[in-house]
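Chemist: Chains as they are written, first to last, in the working numbering: chain A, -10 to 252; chain B, -13 to 172.
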């Protein structure tokens, strides 16, 4: 078994900033920090560091994402004078370095790096992954949107009706996030390359929080009932990618469970 | 030779003489004070440069914070070491930071003379390495004292950090991903 860490897992696992001002102590975490951190902890506890892979592409992408997010944050705050800008610059310095320290820890102490032939990787991406993805996502949808007439009143009744309609549908349509960008396909190509190279090492999981890689939640949505309902997961595209290229995109939480069940 | 390069060379010579003599002469520590104060003033000069992109401003600013803090802490630690008559291990440790100071100093000098950064990615790497080394040797100020010095409310700090955590989602395209079905319904 090998686990390729994808950018979203690496980045979210790096954001947990603890600070105190006077008596106030606070921890600011990314919403997926706990599950990403738990994955690295489980791998460390099972002494699996050599089976966890962080490629250069993923590390660079993660660092870029943190840097861009910090720029965006300063812009969002729109500092009105140089003192405010100074304060934000000091804050970004503290938060960014803390995140990069955690990221470096995962790269240096919780994982390994295997050689990637970038020419072969790019060839796999351009001639295999991209055309295949284009062919399988043609008829996919992001949400299920049942048509319920306006005359049906009452939120509870509408929700019940939606649930009945969705479960009664023989084919709900395949749920997928949409065509991924080149950077995601590059990581898919790296996973493919590693799977082919280490075919005898068992499953190769891609630990990701991005719905381009993992099973997509079935989200049911109606314009008249704006509350989104979630009805399980659709893993059809993920499974097609697994069957064709060998890597299994999965949520870090699920991979942590698999690791914990290992003897 | 630029101001920072010249002053870091002086620090290098001073520290080497401490190590050679096995004794720290506090009268020679003024150069660290000059660098620390200059780096603090230059942080504001950088923020006032409208020709710089935000990202380049950020990288230069962080480099200057690292210089300002580490030279300030270095000076007080060398003073303490001198008071207890320490064989100058603090001076030996400090010497380890000099190559990074010189690299970063060259970039900052270049920027102030030519108003451009030649390779901001490399400067970022040098600055990160300086931060890591200074942290390893305890040459950085703790987060709480830095935040106290800013004199801003904890709600502003929290809101900044939370915005950052949310903005990361835009960058890694997981903005609308749900945690899982159970978590979401809670």
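Using N, Cα and C, we set each Cβ at its ideal position, and we do this for glycine too. This structure is a prediction, so every number in the text was calculated from the model and none was measured.
Would residue -2(B) and residue 84(B) be called neighbours here (beta carbons separated by less than 7 Å)?
Modeler: The residue labelled residue -2(B) in the question sits at position 12 within the second chain. The residue labelled residue 84(B) in the question sits at position 98 within the second chain. Their beta carbons are under 7 Å apart, which means residue -2(B) touches residue 84(B) by this criterion.
Chemist: From residue 171(B) to residue 152(A), what distance separates their C-alpha atoms?
Modeler: The residue you call residue 171(B) lines up with position 185 of the second chain. The residue you call residue 152(A) lines up with position 163 of the first chain. Per-residue confidence for residue 171(B) stands at a pLDDT of 36, beneath the threshold of 50, marking its modelled position as unreliable; the derived number appears in the next sentence. One C-alpha to the other measures close to 15 Å.
Chemist: In this structure, does DSSP put residue 20(A) in helix, strand or coil?
Modeler: What you label residue 20(A) is simply residue 31 of the first chain in a count that begins at 1. If DSSP states are grouped into helix, strand and coil, residue 20(A) belongs with coil.
Chemist: Excluding the five sequence neighbours on either side, which residues of its own chain have a C-beta within less than 6 Å of the C-beta of residue -7(A), listed in chain order?
Modeler: Locating residue -7(A) in the first chain gives position 4, counting from the first residue. Once the five neighbours on either side are set aside, the close Cβ partners of residue -7(A) are 42, 180, 195.
Chemist: Measure from the alpha carbon of residue -10(B) to the alpha carbon of each residue in 24(B), 16(B), 2(B), then state which is nearest.
Modeler: In the second chain, the residue the question calls residue -10(B) occupies position 4. Minimum Cα distance to residue -10(B) is reached at 24(B).
Chemist: Name the one or two DSSP bridge partners that residue 8(B) has.
Modeler: In the second chain, residue 8(B) corresponds to position 22, counting from 1. DSSP output for residue 8(B) lists no bridge partner at all.
Chemist: Beta-carbon of residue 78(A) versus every beta-carbon of chain B: anything under 7 Å?
Modeler: For the purposes of this step, residue 78(A) is taken as residue 89 along the first chain, with counting starting at 1. Judged by the 7 Å Cβ criterion, residue 78(A) is in contact with chain B.
Chemist: Determine the contact status of residue 56(B) and residue 120(B), defining contact as a CB-CB distance below 7 Å.
Modeler: By 1-based counting over the second chain, the position of residue 56(B) is 70. By 1-based counting over the second chain, the position of residue 120(B) is 134. Yes.
Chemist: Answer with buried or exposed for residue 4(A), where buried requires no fewer than 16 other C-beta atoms within 10 angstroms of its C-beta.
Modeler: Taking the first chain and counting its residues from 1, the one referred to as residue 4(A) is at position 15. Buried, since its Cβ has 16 or more Cβ neighbours within 10 Å.
Chemist: Counting only runs of 4+ residues fully inside the region 8 to 95 of chain B, write out the alpha helix (DSSP H) ranges in chain order.
Modeler: 16 to 33, 40 to 69, 75 to 81
Chemist: May I have the straight-line CA-CA distance separating residue 91(A) from residue 54(A), to the nearest angstrom?
Modeler: Reading the first chain from its first residue, position 102 is the one you call residue 91(A). Reading the first chain from its first residue, position 65 is the one you call residue 54(A). For residue 91(A) and residue 54(A), the distance between alpha carbons rounds to 14 Å.
Chemist: Does DSSP put residue 218(A) in a helix, in a strand, or in coil?
Modeler: Taking the first chain and counting its residues from 1, one reaches residue 218(A) at position 229. Note: residue 218(A) maps to strand in three-state DSSP.
Chemist: Quick one: what does DSSP say residue 113(B) is sitting in, helix, strand or coil?
Modeler: Residue numbering aside, residue 113(B) sits at position 127 when the second chain is read from its first letter. Three-state DSSP puts residue 113(B) in a helix.
Chemist: Alpha carbon to alpha carbon, how far is residue 19(A) from residue 8(A)? Give it in angstroms, no decimals.
Modeler: For the purposes of this step, residue 8(A) is taken as residue 19 along the first chain, with counting starting at 1. For the purposes of this step, residue 19(A) is taken as residue 30 along the first chain, with counting starting at 1. Looking at the two C-alpha atoms, the distance is approximately 15 Å.
Chemist: Please determine if the region 65 to 83 of chain B and the region -6 to 9 of chain B are in contact, where contact requires at least 3 C-beta pairs separated by less than 8 Å.
Modeler: yes
Chemist: Label residue -10(A) either buried or exposed according to how many other C-beta atoms from any shown protein chain fall within 10 Å of its C-beta, with 16 as the threshold for buried.
Modeler: Within the first chain, numbered from 1, the residue matching residue -10(A) stands at position 1. That one is exposed.
Chemist: Whole-angstrom Cβ separation of residue 24(A) and residue 241(A), contact assumed at under 8 Å?
Modeler: Residue 24(A) sits at position 35 when you count from the first residue of the first chain. Residue 241(A) sits at position 252 when you count from the first residue of the first chain. At roughly 5 Å, the Cβ-Cβ gap stays under 8 Å, so residue 24(A) and residue 241(A) are in contact.
Chemist: For a cutoff of 7 Å on Cβ pairs, would you count residue 58(A) as touching chain B?
Modeler: Reading the first chain from its first residue, position 69 is the one you call residue 58(A). Using beta-carbon distances, residue 58(A) counts as an interface residue toward chain B, with a partner under 7 Å.
Chemist: Considering Cα atoms alone, identify which of -5(A), 50(A), 15(A) is closest to residue 142(B).
Modeler: Along the second chain, one-based indexing puts residue 142(B) at 156. Minimum Cα distance to residue 142(B) is reached at 15(A).
Chemist: Please name the residue in 61(A), 166(A), 59(A), 245(A) whose C-alpha comes closest to that of residue 127(A).
Modeler: Mapped onto the first chain, residue 127(A) falls at position 138. When only C-alpha atoms are compared, the closest one is 166(A).
Chemist: Tell me which residue opens and which closes the beta strand (DSSP E) that residue -1(A) is part of.
Modeler: Within the first chain, numbered from 1, the residue matching residue -1(A) stands at position 10. Note, residue -1(A): premise wrong, no beta strand (DSSP E); alpha helix (DSSP H) at -4 to 1.
Chemist: Which residues does DSSP pair with residue 239(A) in a beta bridge?
Modeler: Along the first chain, one-based indexing puts residue 239(A) at 250. Beta-bridge pairing links residue 239(A) to 196(A).
Chemist: Could you pull the DSSP bridge partners for residue 101(A) from this structure?
Modeler: Taking the first chain and counting its residues from 1, one reaches residue 101(A) at position 112. The partner list for residue 101(A) (beta bridge, DSSP) reads 42(A).
Chemist: Could you give the first and the last residue of the continuous alpha helix (DSSP H) run that contains residue 151(A)?
Modeler: As a working note, residue 151(A) is residue 162 in the first chain. Counting along the chain, the alpha helix (DSSP H) containing residue 151(A) begins and ends at 144 to 157.
Chemist: Smallest Cα separation from residue 49(B): which of 61(B), 100(B), 30(B)?
Modeler: Stepping through the second chain from its first residue, residue 49(B) is reached at position 63. Ranking 61(B), 100(B), 30(B) by Cα distance to residue 49(B) puts 30(B) first.
Chemist: Beta strand (DSSP E) containing residue 8(A): first to last residue?
Modeler: Position 19 of the first chain holds residue 8(A). Residue 8(A) -> beta strand (DSSP E) spans 5 to 10.
Chemist: Counting Cβ pairs closer than 8 Å, one from the region 85 to 102 of chain B and one from the region 31 to 50 of chain B, do we hit at least three?
Modeler: yes
Chemist: Is it buried or exposed for residue 77(A), if we count other Cβ within 10 angstroms and need 16 for buried?
Modeler: Along the first chain, one-based indexing puts residue 77(A) at 88. Residue 77(A) should be labelled buried.
Chemist: May I ask you to list the residues that DSSP assigns as paired with residue 246(A)?
Modeler: As a first step, residue 246(A) must be located in the first chain, where it is residue number 257. Partner(s): none; residue 246(A) has no beta bridge.
Chemist: Taking the alpha-carbon positions, what's the residue 253(A) to residue 105(A) distance?
Modeler: Nothing in the structure corresponds to residue 253(A), since chain A is present only between -10 and 252.
Chemist: Under the criterion of a Cβ to heavy atom distance below 6 Å, does residue 49(A) qualify as lining the ligand SAH?
Modeler: As far as ligands go, the structure on display features none, and thus does not contain the ligand SAH.
Chemist: Between residue 89(B) and residue 112(B), which are expected to be in contact by the criterion C-beta below 8 Å, what is the C-beta distance as a whole number of angstroms?
Modeler: The residue you call residue 89(B) lines up with position 103 of the second chain. The residue you call residue 112(B) lines up with position 126 of the second chain. About 5 Å separates the two Cβ atoms, so the contact holds.
Chemist: Residue 57(A) to residue 11(B), Cα distance in whole Å?
Modeler: Indexing the first chain from 1 puts residue 57(A) at position 68. Indexing the second chain from 1 puts residue 11(B) at position 25. When rounded, the distance between both Cα atoms is 45 Å.
Chemist: What is the DSSP secondary structure of residue -5(B), reduced to helix, strand or coil?
Modeler: Mapped onto the second chain, residue -5(B) falls at position 9. In the structure shown, residue -5(B) adopts helical secondary structure according to DSSP, grouped into three states.
Chemist: Assuming the contact rule is C-beta atoms closer than 8 Å, residue 198(A) and residue -3(A) should be a hit. Round their C-beta distance to whole Å, please.
Modeler: One-based indexing of the first chain puts residue 198(A) at position 209. One-based indexing of the first chain puts residue -3(A) at position 8. The C-beta distance from residue 198(A) to residue -3(A) rounds to 4 Å, short enough to fall under 8 Å.
Chemist: Give the range of the beta strand (DSSP E) segment to which residue 205(A) is assigned.
Modeler: Along the first chain, read from residue 1 onward, the residue named residue 205(A) stands at position 216. Residue 205(A) -> beta strand (DSSP E) spans 205 to 209.
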